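Sequential numbering of the sequence shown, starting at 163, is according to our numbering.
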Amino acid sequence: MPQGEIEIEAMFRMMPKKSTLQYDHEPGSRLFHIPDVEAMAKETGSLPIYAQMMYSLKDQPDWKSPEEVAETKTGLKWLGLFSNKKDHSTEHIPVSETDSTMEWQEFEFFNQGVPIAAVPKVSFTNNHMQYLFTWFGVSIASTALLFYTFYKKKDLLSAEKVIEAKRREMKKLL
């Protein structure tokens with residue numbers, strides 16, 4: 163089990179919703195049918211944070227012990243203002259902690275039982291075409307209804323003509 167400071171590259175995500183067709187987690191079992199972060203956190207005693215690991219087949223640096231981490235922390239020494247003695251450890255700065263020539267194959271991870279992360283994708287919803295059809299449809303329909311009311315008004319009699327027609331009908335009945 164690694165100890166000390168561990169660097170993990172991940173993206174924080176919203177928890178996916180469980181469908182009604184998926185099984186519930188059996189307490190005490192290490193088998194999860196879906197990524198149920200709350201149940202996993204309860205099982206392990208950790209915080210319920212859903213993070214998607216980054217897909218990487220590169221060779222990662224080994225975990226550092228707490229002593230090595232304390233040695234690498236230099237505080238404000240990099241400024242050179244608060245230290246009188248010369249720090250010779252900064253003369254040679256390695257380009258990268260990882261070996262870029264070392265890349266693994268997925269089957270090597272599968273054989274060792276290491277889980278493979280998905281390629282992280284950020285998806286933004288783009289409903290602009292749906293909005294376009296909705297609002298242009300509403301505007302065309304309201305314009306058509308407006309023209310229909312103007313057209314029907316020509317056929318309808320004005321209030322004065324209606325009152326005059328009613329008076330004529332009343333005179334006939336008397």
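C-beta: ideal position from N, C-alpha, C; glycine also. None of these values were measured; they are calculated from a predicted model.
Cut-off 6 Å between Cβ atoms - residues of its own chain near valine 257, not counting five sequence neighbours on either side: Residue 257 sits at position 95 when you count from the first residue of the sequence shown. The predicted position of valine 257 is uncertain, since its pLDDT is 47 and thus under 50; a value taken from the coordinates is nonetheless stated next. Closer than 6 Å at Cβ, skipping near neighbours: no residue.
Beta-carbon spacing of alanine 213, phenylalanine 271 below 8 Å: For the purposes of this step, residue 213 is taken as residue 51 along the sequence shown, with counting starting at 1. For the purposes of this step, residue 271 is taken as residue 109 along the sequence shown, with counting starting at 1. Not closer than 8 Å, so no.
Rounded separation between serine 285 and methionine 177 - CA only: Numbered from its first residue, the sequence shown carries residue 285 at position 123. Numbered from its first residue, the sequence shown carries residue 177 at position 15. Taking the straight line joining both Cα atoms gives about 15 Å.
Valine 300 versus lysine 315: straight-line alpha-carbon distance, rounded: Along the sequence shown, read from residue 1 onward, the residue named residue 300 stands at position 138. Along the sequence shown, read from residue 1 onward, the residue named residue 315 stands at position 153. Rounded to whole angstroms, valine 300 to lysine 315 spans 23 Å at the Cα level.
Buried versus exposed, by CB contacts within 10 Å (16 or more), aspartate 186: Residue numbering aside, residue 186 sits at position 24 when the sequence shown is read from its first letter. Aspartate 186 should be labelled exposed.
Enclosing beta strand (DSSP E) for methionine 177 [first to last residue]: Residue 177 sits at position 15 when you count from the first residue of the sequence shown. Careful: methionine 177 lies outside any beta strand (DSSP E) and carries neither H nor E.
Straight-line Cα distance separating glutamate 326 from lysine 333: In the sequence shown, the residue the question calls residue 333 occupies position 171. In the sequence shown, the residue the question calls residue 326 occupies position 164. Near 11 Å, if we compare the C-alpha coordinates of glutamate 326 and lysine 333.
Residues of its chain near tyrosine 293, where Cβ-Cβ distance is below 8 Å and the 5 sequence neighbours each way are ignored: For this step, residue 293 is matched to residue 131 along the sequence shown. Taken in chain order, the list of residues that qualify is empty.
Residues bridged to alanine 213 [DSSP beta-bridge criterion]: Along the sequence shown, read from residue 1 onward, the residue named residue 213 stands at position 51. DSSP lists Phe174 as partners of alanine 213.
Rounded separation between glutamate 331 and phenylalanine 312 - CA only: Against the sequence shown, residue 331 aligns to sequence position 169. Against the sequence shown, residue 312 aligns to sequence position 150. If I take the Cα positions, the gap works out to 28 Å.
Secondary structure of phenylalanine 309, DSSP reduced to three states: Position 147 of the sequence shown, counting from 1, holds the residue named residue 309. If DSSP states are grouped into helix, strand and coil, phenylalanine 309 belongs with the helices.
Nearest-angstrom Cα separation, counted from glutamine 274 out to valine 199: Position 37 of the sequence shown, counted from the start, is the residue given in the question as residue 199. Position 112 of the sequence shown, counted from the start, is the residue given in the question as residue 274. Taking the straight line joining both Cα atoms gives about 24 Å.
C-alpha gap between alanine 306 and tryptophan 297, whole angstroms: Translated into the one-based positions of the sequence shown, residue 306 becomes position 144. Translated into the one-based positions of the sequence shown, residue 297 becomes position 135. So the two alpha carbons sit approximately 14 Å from each other.
Given valine 281 as reference, the closest of Arg192, Pro197, Leu209, Met215 once Cα atoms are compared: Within the sequence shown, numbered from 1, the residue matching residue 281 stands at position 119. Looking at the Cα atoms, Met215 is the closest of the given residues.
Inter-residue Cα distance where the pair is phenylalanine 309 and isoleucine 302: Taking the sequence shown and counting its residues from 1, one reaches residue 309 at position 147. Taking the sequence shown and counting its residues from 1, one reaches residue 302 at position 140. Approximately 11 Å, taken between the alpha carbons.
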